[in-house]
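To keep things clear, I will list the structure first and then write my remarks on it.
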Amino acid sequence: MIHSDGPKGTASSAPWGSPLLGPVEEKSSIRRVRVQLLLTLPLLVANLIGITMIVVLAGFVLPGPTVFTRQLLLINAVFTPLCAVAALAIGTVWGTVAGLRTMRWATDPDHIPTPPEQRVAVSAPRWMVLQQAVLWTLALVTLTIAYGVADPALIPKVVLSIGAAGIVVCANSYLIVEFALRPVTARVLQADPNRRRGIGVFGRTMLSWLVGVGVPVALSMTVAVWALADPAVSKARLAVCMLSLGGSALLFGMLLMAQVVAATVAPIKGVRQALRRVEDGELDTEVTLYDGTELGDLQSGFNRMVHGLRERAMIEDLFGKHVGHDVAIAAIASQPVLGGTETEAAALFIDIIGSTTMAATLPAPEIVGILNRFFDIVVDEVERHGGLLNKFEGDAALAVFGTPAPLEDLAGSALSCGRAIQRRLREASDLNAGIGVAAGRVVAGNVGTHNRYEFTVIGDAVNEAARLCELSKNYEERLLSSATTLAAAADTESAHWTLGETVTLRGRLKPTRLALPRLSGPTLNPATSNSKASETH
Numbered sequence: 007m008i009h010s011d012g013p014k015g016t017a018s019s020a021p022w023g024s025p026l027l028g029p030v031e032e033k034s035s036i037r038r039v040r041v042q043l044l045l046t047l048p049l050l051v052a053n054l055i056g057i058t059m060i061v062v063l064a065g066f067v068l069p070g071p072t073v074f075t076r077q078l079l080l081i082n083a084v085f086t087p088l089c090a091v092a093a094l095a096i097g098t099v100w101g102t103v104a105g106l107r108t109m110r111w112a113t114d115p116d117h118i119p120t121p122p123e124q125r126v127a128v129s130a131p132r133w134m135v136l137q138q139a140v141l142w143t144l145a146l147v148t149l150t151i152a153y154g155v156a157d158p159a160l161i162p163k164v165v166l167s168i169g170a171a172g173i174v175v176c177a178n179s180y181l182i183v184e185f186a187l188r189p190v191t192a193r194v195l196q197a198d199p200n201r202r203r204g205i206g207v208f209g210r211t212m213l214s215w216l217v218g219v220g221v222p223v224a225l226s227m228t229v230a231v232w233a234l235a236d237p238a239v240s241k242a243r244l245a246v247c248m249l250s251l252g253g254s255a256l257l258f259g260m261l262l263m264a265q266v267v268a269a270t271v272a273p274i275k276g277v278r279q280a281l282r283r284v285e286d287g288e289l290d291t292e293v294t295l296y297d298g299t300e301l302g303d304l305q306s307g308f309n310r311m312v313h314g315l316r317e318r319a320m321i322e323d324l325f326g327k328h329v330g331h332d333v334a335i336a337a338i339a340s341q342p343v344l345g346g347t348e349t350e351a352a353a354l355f356i357d358i359i360g361s362t363t364m365a366a367t368l369p370a371p372e373i374v375g376i377l378n379r380f381f382d383i384v385v386d387e388v389e390r391h392g393g394l395l396n397k398f399e400g401d402a403a404l405a406v407f408g409t410p411a412p413l414e415d416l417a418g419s420a421l422s423c424g425r426a427i428q429r430r431l432r433e434a435s436d437l438n439a440g441i442g443v444a445a446g447r448v449v450a451g452n453v454g455t456h457n458r459y460e461f462t463v464i465g466d467a468v469n470e471a472a473r474l475c476e477l478s479k480n481y482e483e484r485l486l487s488s489a490t491t492l493a494a495a496a497d498t499e500s501a502h503w504t505l506g507e508t509v510t511l512r513g514r515l516k517p518t519r520l521a522l523p524r525l526s527g528p529t530l531n532p533a534t535s536n537s538k539a540s541e542t543h
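Residue 7 is where the sequence shown starts when you use the numbering used here, and the numbers rise one by one after that.
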């Protein structure tokens, strides 16, 4: 299962960087309503704040003649409120409702947005802000004419107050729209991760500076010039202006900076949380790509990185299953080369008894099932005892102990493994195999060509284990080793063994004294006990 901050697998409580945007599993109809509300309500609040800002600036802060006169009562009480209500209504219908209607495809979870739909979605914040700017410009022109006709001295005050409020509302609107449309942006970036159309972290920061610093400072400088040019502006009025504009800089600057920081931190926080899960080994982690700025590159880069880690882990796992985990780790950790080194190791050779008859009498699927159950036991015990299953040879297998990973008691581990395998094979009742175990000096390394090779173990111990395996099929124990191997094992393991007769194994010049596990003693098959020595020469 994929742990993510987005639409795959088990989603977090804030898949798009904020709980306000809802969960991934939310119904599309509910999500549409949620996005509509997140667009409409904050934009209405922003515009109402802008209107309040105009009233405060024009009515109480900026110098010049007062707007609260009987002559302006009709404009103040009727015309201006009607303009404000009309602008809010047009902005809501034209901007948020009509804008979301063009992105109706986003409510269909199975729909992949086409390139034209992607362009509409990523440009939505700019278009909605442009609509706000058009409405505020119309309001500026209309109200300036209305108040200017009544009293030309009011024109500077009206232009400054409406212009400053319009800039603040438009800048704030961009961040509001960008936030509300994160689920839609995520769908677009999921279809085309390379599509980047946001203003970027730098642009967001400059917006914050413009509203929090630029507009108040510009107004303060304008009022200062005004006071210098107009002796009627008193010190008290100038002080009120400076205090009001300074307070607005602190308030609006803090609010907008909080929005910018939240928009910047959310993707970083999501990537940081995902990194922690990757550190814990959860390589199926992904983050949702919902930011159209440089931070979106960070999100997509994280997903590409984790995808590469998953591929590497899969290759390592597959490689380890083919050549053995220890060999795989050694090959990955260092540059493997052809050739080998001489070392001490123990070999365990195992071969199914009666495999020829089985192949001739049983159907192929049943044979495969038997072999799989047989090798399940062999691999499990070899790995549990610290060995490496080096080769599968049809119905036989070779395991080595002590290379490439060293073992403190390699001979004892191999002998213990042989006893464990034989015990489990007896419990299986229908599986019967001979096992030979031998320890000694071997050459371990990579054999083959420069473009294809495998790890292998060559030496007298391997040959001895193979011959002991062949001979063990004639013994009740079905498991044989040698006295030299038993002498190399720790006492805790050698106590489970007893010494038997001395034979000369096929292909060897020196005689070998056999060692057998303590089951019922080294009982020989009476029919073959007199001929064993001659068969093994």
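A virtual CB, placed ideally from N, CA and C, is assigned to each residue, including glycine.
Cross-strand partners of residue i (DSSP beta bridge)
i	result
Lys-397	Leu-404
Thr-504	Leu-522
Leu-354	Ala-405, Val-443
Val-509	Thr-518
Tyr-3	Here the chain has residues from 7 to 543 only, and residue 3 is not among them.
Thr-349	Val-448
Opening and closing residue of the alpha helix (DSSP H) in which residue i lies
i	result
Glu-389	370-390
Pro-237	Looking at the DSSP string, Pro-237 is not in any alpha helix (DSSP H), and its letter there is neither H nor E.
Glu-292	From DSSP, Glu-292 is part of no alpha helix (DSSP H); its letter is neither H nor E.
Trp-142	121-156
Phe-208	206-215
Asp-114	No alpha helix (DSSP H) contains Asp-114, which DSSP labels as neither H nor E.
Leu-195	188-197
Asp-466	466-478
Glu-482	Here Glu-482 belongs to no alpha helix (DSSP H), and DSSP marks it neither H nor E.
Arg-37	34-62
Val-91	86-96
Ala-426	416-434
Met-364	361-367
Beta-carbon proximity check, residue i vs residue j, cutoff 8 Å
i	j	result
Thr-518	Thr-504	no
Ile-4	Ala-152	Any answer about residue 4 is impossible in this case: the structure gives the chain only from 7 up to 543.
Leu-431	Ala-439	yes
Gly-393	Ser-422	no
Leu-106	Gln-42	yes
Pro-71	Ala-130	no
Gly-408	Ala-351	yes
Glu-387	Ala-426	yes
Ala-170	Leu-225	yes
Ala-4	Gln-77	An answer regarding residue 4 cannot be provided, because it is not within the stretch 7 to 543 covered by the chain.
Gly-302	Val-128	no
Gly-446	Gly-465	yes
Ala-405	Leu-413	no
Leu-27	Arg-188	yes
Val-266	Arg-210	yes
Pro-2	Ser-306	One cannot answer for residue 2 here, as it falls past the ends of the chain, which runs 7 to 543.
Pro-523	Glu-482	no
Leu-437	Arg-390	no
Val-84	Met-109	no
Boundaries of the beta strand (DSSP E) in which residue i is found, first to last residue
i	result
Ser-487	485-488
Rounded Cβ spacing between residue i and residue j (contact assumed at less than 8 Å)
i	j	result
Thr-46	Thr-102	5 Å
Arg-485	Ile-441	It should be noted that the sequence gives Leu, not Arg, for residue 485. Going by Cβ atoms, the distance from Leu-485 to Ile-441 rounds to 5 Å, so yes, they are a contact pair.
Asp-415	Ala-496	5 Å
Leu-262	Asn-178	6 Å
Ala-233	Pro-69	7 Å
Leu-49	Ile-161	At roughly 28 Å, the Cβ-Cβ gap does not stay under 8 Å, so Leu-49 and Ile-161 are not in contact.
Ala-521	Ser-488	6 Å
Thr-86	Leu-44	Contact doesn't hold; Cβ gap of about 29 Å is too wide.
Gly-346	Val-449	5 Å
Trp-142	Cys-89	Not confirmed; about 11 Å, so no contact.
Ala-3	Ser-214	It is not possible to answer for residue 3, since the shown part of the chain is limited to 7 through 543.
Cutoff 8 Å: residue i Cβ touching any chain D Cβ
i	result
Leu-47	No chain D appears in the structure shown, which is made up of a single protein chain.
Check whether the segment 225-245 touches the segment 269-289, taking contact to mean three or more Cβ pairs, one atom from each stretch, closer than 8 Å. no
Would you say the segment 45-56 touches the segment 108-122, given that touching needs at least three Cβ pairs under 8 Å? no
Inspect the CB distances between the segment 397-404 and the segment 354-373 and report whether three or more fall short of 8 Å. yes
Pairing CB atoms from the segment 205-219 with CB atoms from the segment 28-42, are three or more of them under 8 Å? no
Pair every Cβ in the segment 283-301 with every Cβ in the segment 310-318, then say whether three or more of these pairs are closer than 8 Å. yes
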